[in-house]
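See structure below.
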Amino acid sequence: MIALLLVPLVLPFALPPLARRVVDRVRPDAALWVLTSASVALAVGVVACLGVLLLPVALSVPVIAGLAHLIQPLEAGPTTLVMAVSVFAGGALAVTCITAVRRTQLEVRQLRAAHVDVAGLPDAGGLCVVDDARPDAYALPGGRHSPSRVVVTTGMLRALTADEREVLLAHERAHLAARHHLFLAAAQLAGWCHPALAAVAPQVSFAAERAADEAAALAAGDRTLTATAVGHAALATNRTRTVLPSIAPSAVTGPVPARVKALLAHAPARRLAPVLLAFVVLIGLAGGSALAGAASVHRGVEIAQGELPRP
Amino acid sequence: MTDSDGERRPAGELEASVLAALWAAGKPMSAAQVRTAIPQPLARTTVATLLIRLHEKGVVDRSPAARGFLYFPVADSHGLTARRMHQELDQDHDRSTVLARFVEGLGPDDEAELRRLLEGGRQ
Chain A
16 MIALLLVPLV
26 LPFALPPLAR
36 RVVDRVRPDA
46 ALWVLTSASV
56 ALAVGVVACL
66 GVLLLPVALS
76 VPVIAGLAHL
86 IQPLEAGPTT
96 LVMAVSVFAG
106 GALAVTCITA
116 VRRTQLEVRQ
126 LRAAHVDVAG
136 LPDAGGLCVV
146 DDARPDAYAL
156 PGGRHSPSRV
166 VVTTGMLRAL
176 TADEREVLLA
186 HERAHLAARH
196 HLFLAAAQLA
206 GWCHPALAAV
216 APQVSFAAER
226 AADEAAALAA
236 GDRTLTATAV
246 GHAALATNRT
256 RTVLPSIAPS
266 AVTGPVPARV
276 KALLAHAPAR
286 RLAPVLLAFV
296 VLIGLAGGSA
306 LAGAASVHRG
316 VEIAQGELPR
326 P
Chain B
101 MTDSDGERRP
111 AGELEASVLA
121 ALWAAGKPMS
131 AAQVRTAIPQ
141 PLARTTVATL
151 LIRLHEKGVV
161 DRSPAARGFL
171 YFPVADSHGL
181 TARRMHQELD
191 QDHDRSTVLA
201 RFVEGLGPDD
211 EAELRRLLEG
221 GRQ
């Protein structure tokens, strides 16, 4: 049944509502892992299914059919419908590839520019201070030639009290230590593969911010102080900020009121089991239907090659 | 936070805290002032050592005062000028015209330097 290949294309739509529940209820560091891996797994499923769905139209081209040693046309169901879906899959795959390549290039360019901006700045203990009155702070992940750095403007340092400054630094250090940029990059890449997964990327980014907030609260030993610092940093930040690569987590990403509220509540509990079960079911469904669909197409190809008798 | 807790933090984090405090103050500070401006309770000698290390790294500079030194952060003045130019450019809608006018107004030396930079011959 080639129609099974459509299931992994629809399943990602179940992820955004699940993701919202996860960031509300699960410890942020665990939520970050769960959401990112689910996004990536479903994205792989989407791309794989689009690839297999492309086969009917590709194998209808005589040259390719010859290369695949087909001795009769591939039969995968009602011809018009299968061809329409196949052409659509080809288009979707092309759009995904082009988007991914172009946006990746843009991200890399912005990351390089951000590194060039701070390249000449003195660095103490991984901190770079930019003499700029506009309050801003972000964690700049390291590259091959440049170390990772916490970049803070003087405007931001002056907007906070001494204790709040420590919270801000701890928050940005937590981003770098836990390599949150890799999670953000993975979630973004998945988002380019499917619109529903694009809706999950902001949740992943929120989970990363919450995880860094919790790490900062642990370092400061004071949740209320951390909440105040997050609030003050957000209020201070000028909206006309410099362009940053979107994988460089900044101090004020995500819905700040929700972050402050979460910090003022008790430390988050670990209620993972039901959520993990839902994700395992979701990914299992996607994987299972993708494999079954691919197996049926494979069988169809073998029949068309004359290696298997027509049923 | 106990005294030993402050001392136990990695040296890099303490250096960053001192640098942040100096920038936040916006004026030169003595070692004693720095000690009160950071939240960690550190021994006087620890603060002095941190400031000396930052000075050796070229991150802060100091000037002699009545007792000891006054410390202040080193600004990246070239970078600052470049950022100001970027800010001016960002404020205008027609970036390319502004750039064109800017280049027109450059002297022959500046123009040669700009050409050299654009051709990738960095320093």
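Residue numbers (our numbering), protein chains in the order written: chain A, 16 to 326; chain B, 101 to 223. Heads up, the beta-carbon is just placed ideally off N, CA and C, and yes, glycines get one too. This structure is a prediction, so every number in the text was calculated from the model and none was measured.
Check your understanding: Can you list, in chain order, the residues of its chain whose CB lies under 6 Å from that of A/Gly-12, leaving out five sequence neighbours each side?
Key -> Look at the range of chain A in this structure, 16 to 326, and you will see that residue 12 of chain A is not part of it.
**Study point:** Cα-Cα separation, B/Phe-172 to B/Met-129
**Key:** Indexing the second sequence from 1 puts residue 172 of chain B at position 72. Indexing the second sequence from 1 puts residue 129 of chain B at position 29. Straight-line Cα distance between these residues: approximately 7 Å.
Review point. Ordered along the chain, which non-local residues of its own chain (more than five positions away) have a Cβ less than 8 Å from that of A/Thr-162?
Key: Numbered from 1 along the first sequence, position 147 holds the residue referred to as residue 162 of chain A. Residue identity differs from the one stated: residue 162 of chain A is Pro in this sequence, not Thr. Hits under 8 Å: Asp-138, Gly-141.
Check your understanding: Under a CB-based cut-off of 7 Å, is A/Glu-229 close to chain B?
Key -> Position 214 of the first sequence, counted from the first residue, corresponds to residue 229 of chain A. A/Glu-229 does not count as touching chain B.
Review point. Are any of the Cβ atoms in chain B nearer than 7 Å to that of A/Val-144?
Key: Taking the first sequence and counting its residues from 1, the one referred to as residue 144 of chain A is at position 129. True, the Cβ-Cβ gap to chain B drops below 7 Å.
Practice item. Would you mind telling me which residues of chain A sit closer than 9 Å to B/Ser-117, beta carbon to beta carbon, in chain order? Key: As a working note, residue 117 of chain B is residue 17 in the second sequence. Near B/Ser-117 (Cβ distances below 9 Å), the residues of chain A are Gly-140, Leu-142, Ala-177, Arg-180, Glu-181, Leu-184.
Review point. For B/Ala-124 and chain A, any beta-carbon pair shorter than 7 Å?
Key: By one-based count along the second sequence, residue 124 of chain B stands at place 24. With 7 Å as the cut-off, B/Ala-124 counts as an interface residue toward chain A.
Point to revise | Per-residue burial, B/Ala-212 [other beta carbons within 10 Å of its own, 16 or more giving buried] | key: As a first step, residue 212 of chain B is located in the second sequence; it is residue number 112 there, counting from the start. That one is exposed.
Review point. B/Ile-138 touches chain A at which residues, Cβ-Cβ below 9 Å?
Key: As a working note, residue 138 of chain B is residue 38 in the second sequence. In chain order: Ala-177, Arg-180, Glu-181.
Practice item. Can you pull the chain A residues whose beta carbon is under 7 Å from the beta carbon of B/Pro-173, in chain order? Key: Position 73 of the second sequence, counted from the first residue, corresponds to residue 173 of chain B. By Cβ distance, chain A contributes Val-144.
Check your understanding: Which residues of chain B have a Cβ atom closer than 8 Å to the Cβ of A/Pro-162, listed in chain order?
Key -> Within the first sequence, numbered from 1, the residue matching residue 162 of chain A stands at position 147. The premise fails here: A/Pro-162 is roughly 11 Å from chain B at the closest Cβ pair, so nothing lies under 8 Å.
Exercise for review: Give me the Cβ distance between A/Leu-183 and A/Val-167, rounded to the nearest whole Å; I'm assuming they're in contact under 8 Å.
Suggested key: To locate residue 183 of chain A, count along the first sequence from 1; it is residue 168. To locate residue 167 of chain A, count along the first sequence from 1; it is residue 152. With 8 Å as the limit, A/Leu-183 and A/Val-167 qualify as a contact, their Cβ atoms being about 7 Å apart.
Practice item. Below 9 Å between beta carbons is the criterion; list the residues of the region 108-137 of chain A that meet it against any residue of chain B, in chain order. Key: Asp-132, Val-133, Ala-134, Gly-135, Leu-136, Pro-137
Check your understanding: Any C-beta of chain B sitting closer than 7 Å to the C-beta of A/Thr-169?
Key -> On the first sequence, residue 169 of chain A is found 154 positions in, with the first residue counted as 1. Using a Cβ-Cβ cut-off of 7 Å, A/Thr-169 counts as an interface residue toward chain B, since at least one Cβ of chain B sits closer than that to its own.
**Study point:** Beta-carbon proximity check, A/Leu-212 vs A/Ala-58, cutoff 7 Å
**Key:** Position 197 of the first sequence holds residue 212 of chain A. Position 43 of the first sequence holds residue 58 of chain A. Yes.
Point to revise | Under 8 Å by beta carbon: chain B residues contacting A/Leu-172 | key: Along the first sequence, one-based indexing puts residue 172 of chain A at 157. Scanning chain B for C-beta atoms nearer than 8 Å to the C-beta of A/Leu-172 yields Ala-120, Trp-123, Ala-124, reported in chain order.
Practice item. Along the beta strand (DSSP E) that carries B/Phe-169, what are the first and last residues, could you check? Key: Within the second sequence, the letter at position 69 stands for residue 169 of chain B. From DSSP, the beta strand (DSSP E) with B/Phe-169 extends over 169-173.
Practice item. Can you tell me which of the three DSSP states A/Cys-143 falls into? Key: In the first sequence, residue 143 of chain A corresponds to position 128, counting from 1. In this structure, A/Cys-143 counts as strand in the three-state DSSP scheme.
Check your understanding: Less than 7 Å separating the beta-carbons of A/Val-290 and A/Val-37?
Key -> Against the first sequence, residue 290 of chain A aligns to sequence position 275. Against the first sequence, residue 37 of chain A aligns to sequence position 22. Cβ atoms of A/Val-290 and A/Val-37: closer than 7 Å.
Review point. Distance, Cα to Cα, A/Ala-177 vs B/Pro-139?
Key: The residue given as residue 177 of chain A occupies position 162 in the first sequence. The residue given as residue 139 of chain B occupies position 39 in the second sequence. For A/Ala-177 and B/Pro-139, the distance between alpha carbons rounds to 6 Å.
Check your understanding: Okay, do the region 82-102 of chain A and the region 219-237 of chain A touch, 3+ Cβ pairs below 8 Å being the bar?
Key -> no
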